[in-house]
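Novice: Residues 180 to 761, numbered by this note's numbering, are exactly what the sequence shown covers, in order.
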Amino acid sequence: MEIIEGIGVSPGIAIAPAHKIERGEITIEPENIASEEVQEEIRRFREALQKSKDQLVRVQAAIAKTMGDESAAIIEAQIMLMSDVSVVDETIAGIKNKRLSAESALDIVLRKAIDALESADDATMAERAHDLIDVRRRILSNLMGMAHHVIQDVPENRILIIQHLAPSETAQLFHGKYVGLALEMGGATGHVAIMTRTMELPCVLGISNVTGLIESGDTVIVDGHDGTVIVNPTKTVLKKYKDRKKAQEKHKAWLIRFKDKLAVTTDGHKLSVGANLELPGEIETVVKYGSDGVGLFRTELLYTRSTKLPGEDEQTAVYKELADTIHPNSLVIRTFDIGGDKFAEILGTPFEPNPFLGWRAIRIGLSRPRVLKTQLRAILRAAYKRNIKIMFPMISNRDEVAQAIALLEESRDELEKEGIRCAKKIDVGIMVEVPSAAILSREIAPLVDFFSIGTNDLIQYTLAVDRGNQRIKDLYQSYNPAVLKLVKYTIDAAHFGGIWCGLCGEMAADPRATAMLIGMGLDEFSVNPPAVPMIKGIIRSISAKDARRIAEETLRFSTQDEVIEFLEEKNRELLPPEFLEI
Ligand code: PEP
Ligand code: MG
180 MEIIEGIGVS PGIAIAPAHK IERGEITIEP ENIASEEVQE EIRRFREALQ
230 KSKDQLVRVQ AAIAKTMGDE SAAIIEAQIM LMSDVSVVDE TIAGIKNKRL
280 SAESALDIVL RKAIDALESA DDATMAERAH DLIDVRRRIL SNLMGMAHHV
330 IQDVPENRIL IIQHLAPSET AQLFHGKYVG LALEMGGATG HVAIMTRTME
380 LPCVLGISNV TGLIESGDTV IVDGHDGTVI VNPTKTVLKK YKDRKKAQEK
430 HKAWLIRFKD KLAVTTDGHK LSVGANLELP GEIETVVKYG SDGVGLFRTE
480 LLYTRSTKLP GEDEQTAVYK ELADTIHPNS LVIRTFDIGG DKFAEILGTP
530 FEPNPFLGWR AIRIGLSRPR VLKTQLRAIL RAAYKRNIKI MFPMISNRDE
580 VAQAIALLEE SRDELEKEGI RCAKKIDVGI MVEVPSAAIL SREIAPLVDF
630 FSIGTNDLIQ YTLAVDRGNQ RIKDLYQSYN PAVLKLVKYT IDAAHFGGIW
680 CGLCGEMAAD PRATAMLIGM GLDEFSVNPP AVPMIKGIIR SISAKDARRI
730 AEETLRFSTQ DEVIEFLEEK NRELLPPEFL EI
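#1: In whole angstroms, give me the CA-to-CA distance for Gly474 and Gly453.
#2: Measuring only the C-alpha atoms, how far is Ala326 from Lys230?
#3: Is Gly453 helix, strand or coil by DSSP?
#4: Within the continuous alpha helix (DSSP H) that includes Met695, where are the two ends?
#5: Return yes when the C-beta of Cys680 is under 7 Å from any heavy atom of ligand 1, and no when it is not.
#6: Relative to ligand 1, is the shortest distance from any of its heavy atoms to the C-beta of Gly453 smaller than 7 Å?
#7: Count the other CB atoms within 10 Å of the CB of Phe675; is the residue buried (16 or more) or exposed (fewer)?
#8: Taking contact to mean at least 3 C-beta pairs separated by less than 8 Å, is the segment 710 to 717 in contact with the segment 685 to 698?
#9: Quick check: the Cα distance between Glu752 and Ala602, rounded to an integer number of angstroms?
#10: DSSP on Met259, reduced to helix/strand/coil?
#11: Rounded to the nearest angstrom, how far is the Cβ of Val238 from that of Ile254, given a contact under 8 Å?
#12: Just verifying my parser: in three-state terms, what is the DSSP assignment at Ala326?
#13: Taking its Cβ as the centre, do 16 or more other Cβ atoms sit within 10 Å of Asp516, making it buried, or is it exposed?
#14: Any idea what DSSP makes of Pro196, helix, strand or coil?
#15: For Ala197 versus Ser387, is the C-beta distance shorter than 8 Å?
#16: Just to confirm my understanding: we take Ala661, look at its own chain, exclude 5 residues before and 5 after, and list those with CB closer than 6 Å. What are they?
#17: Does the beta-carbon of Pro572, which I'm using as the reference point, lie nearer than 7 Å to any heavy atom of ligand 2?
#18: For Glu595 and Ala561, I'd like the C-alpha separation in whole angstroms.
#19: Within a Cβ cutoff of 6 Å, which residues of the same chain sit near Val742, ignoring the five residues on either side of it in sequence?
#20: Comparing alpha-carbon positions, which option in Asp405, Ile287, Ile274 lies nearest Ala213?
#21: Should Ile651 be labelled buried (16 or more other beta-carbon atoms within 10 Å of its own) or exposed?
#22: Is Asp578 near ligand 2, with its Cβ less than 7 Å from a heavy atom?
#23: Helix, strand or coil for Gly633 per DSSP?
#24: From the DSSP secondary-structure annotation, give me the bridge partner or partners of Arg513.
#25: Trp538 by DSSP, collapsed to three states: which one?
#26: Would you check whether ligand 1 has a heavy atom nearer than 7 Å to the C-beta of Thr634?
#27: Along the chain, which unbroken stretches of the alpha helix (DSSP H) at least 4 residues long are found entirely within the segment 646 to 726?
#28: Pick helix, strand or coil for Gly191, following the three-state DSSP scheme.
#29: Give me the residue from Asp653, Leu235, Ile609, Leu339 with the minimum Cα distance to Thr514.
#30: In angstroms, rounded to a whole number, what distance separates the CA positions of Arg646 and Gln656?
#31: Please classify Val443: does DSSP put it in a helix, a strand, or coil?
#32: Can you give me the start and stop residues for the beta strand (DSSP E) that Gly391 sits inside?
#33: Am I right that Arg556 and Ser509 are in contact with their C-beta atoms under 8 Å? What's the rounded C-beta distance?
#34: In the DSSP assignment, find the unbroken beta strand (DSSP E) run with Glu181 in it and report its ends.
#35: Please confirm whether Leu637 and Leu663 have their CB atoms less than 8 Å apart.
#36: Using 7 Å as the cut-off, classify the Cβ of Met610 as near or not near the heavy atoms of ligand 2, replying yes or no.
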């Protein structure tokens, strides 16, 4: 038996035989051709290129049916890479001028591009490099008459062991034969993490040399919550995980009873539990788990996963459909939060040494007003007679709020002048995720209709700890009193200004935090969709009076350990035992 630790990105336990896919490097030896072969080599190259594009278009169409157009747009990036004029021209030049075979000419061009991306020493560039590696493999396979590897070509019920998955491949896992995944590459905010959470497929990432450690046929346990992968478990361990899996499933089935219940405390204090949404296709999950609307629609995938900027009509259609699906509940659309870890080539986002402190989110929007206005116009159009709210990310000062609102008003004026129907009034909120915004929340509240606290970023900026850096993950303290004081201050500032306050970071889905947040006066939780019933259930088990006392006491501690110990103790005291199994 071997126990391997990685990063759990999609919860649940999977137990099944491994299916390892090791993609042998396609090695191309430089090969020269005779001058009379040039035309034939160019023809072969063009044919292989077309065939590769056709294959991807077919995959894209299949995905659009199951995962929605936005997921399909992910593959668009690879199709566009194949259409890159410089790649095509340079390959043909290599064949013509250097008398290289089609394989050699293409290989030289793509290797150069891959090396450049890989040497950038940046996680997102590395993801791009993987897309290009996948493109190289596909075209070369077609050129050499080899079939491109089919991810789904396996018996039912397997755990996929692979170094890296391209977006097109990840999307093939939807309704597929795999029950879990263990990968070497990828981060908690990458496409694999996002998509497997949607598909409710247990997934662990970040296991170095995973394909060296696990063989096809090995019995594997993937615990996507703890980030543990166990290879060939002993009988005792196997039984333990089988029992744990059964208990988790039973527990999930038990929690579902709360999905359509009101989020109200035992003494009648009413809250709201919304869901976070990344892909439009996830809306079914949002509905399935009884969410009180969408508290955060992260729109950046519309930008980062496509090779052209999403147009106004396209965005309007997406927003309208989502709002109609969750009607009469509301849809909070966050304007694009590109930059930081979310790279969008499309906006020419440059490589930056400190991307989290750089040109990100509203900063991009305010310096590229046309791009932001396209989104604002689409939101205003969709919001005509629909329950849509708008939210600006990464606000760090009051001027940015005023400027963003001015752009919103300009967009409305433009639409009205053009005679296009749009919402006359729309609620506007900001993400409070930068410490300065939290500290200035009293001054900012009069400008907006609501706040939503983004603890994922608020923690990293308050504590100066990169949220994606595994080496310092113990310093990323969600319960550091400095963070909790800012959360409390922001909620109070919202209420002082007569507006409501939500929380949409991962903390909202952590059962240890629920009572404390109710007690601090939070009005809305926004969580990943499967967590909605649990948070509703906890809210329904606690009185607002007890919660207030818990919040008060929590704020007296000076270390995270004390806070966690206290909150866990209070949960044991107050919650039905079913909530303690989580
Ligand atoms: C946050 O920062 O808490 C948040 C919800 O935004 P994101 O995770 O998209 O940065
Ligand atoms: Mg954030």
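Even glycine gets a Cβ: it sits at the ideal position worked out from N, Cα and C. These numbers come from a predicted model, not from an experiment.
Specialist: Reading off the structure:
#1: Taking the straight line from one Cα to the other gives about 5 Å.
#2: Residue placement at Ala326 cannot be trusted, given a pLDDT of 48 that sits under 50; what the coordinates show is reported in the next sentence. The alpha-carbon atoms of Ala326 and Lys230 are separated by roughly 11 Å.
#3: strand
#4: 693 to 699
#5: no
#6: False, no ligand heavy atom lies under 7 Å from that Cβ.
#7: exposed
#8: yes
#9: 48 Å
#10: It is helical.
#11: 6 Å
#12: Per-residue confidence for Ala326 stands at a pLDDT of 48, beneath the threshold of 50, marking its modelled position as unreliable; the derived number appears in the next sentence. Reduced to three states, the DSSP call for Ala326 is coil.
#13: buried
#14: It is a strand residue.
#15: no
#16: Thr641
#17: Yes - ligand 2 has a heavy atom lying nearer than 7 Å to the Cβ of Pro572.
#18: 14 Å
#19: If we look at Val742 and ignore the five residues flanking it on each side, its Cβ neighbours are Tyr658, Thr733, Phe736.
#20: For Ala213, the nearest C-alpha among the options comes from Ile274.
#21: Looking at its Cβ environment, which holds fewer than 16 other Cβ atoms inside 10 Å, Ile651 is exposed.
#22: At a threshold of 7 Å, Asp578 does not count as near ligand 2, since its beta carbon sits no closer than that to any of the ligand's heavy atoms.
#23: coil
#24: Beta-bridge partners assigned by DSSP to Arg513: Arg477, Met570.
#25: coil
#26: yes
#27: 660 to 675, 693 to 699, 711 to 718
#28: Of the three classes helix, strand and coil, the one that applies to Gly191 here is coil, per DSSP.
#29: Ile609
#30: 10 Å
#31: strand
#32: Premise fails: Gly391 lies in the alpha helix (DSSP H), 389 to 392, not in any beta strand (DSSP E).
#33: Not a contact, Cβ separation roughly 20 Å.
#34: 181 to 184
#35: no
#36: yes
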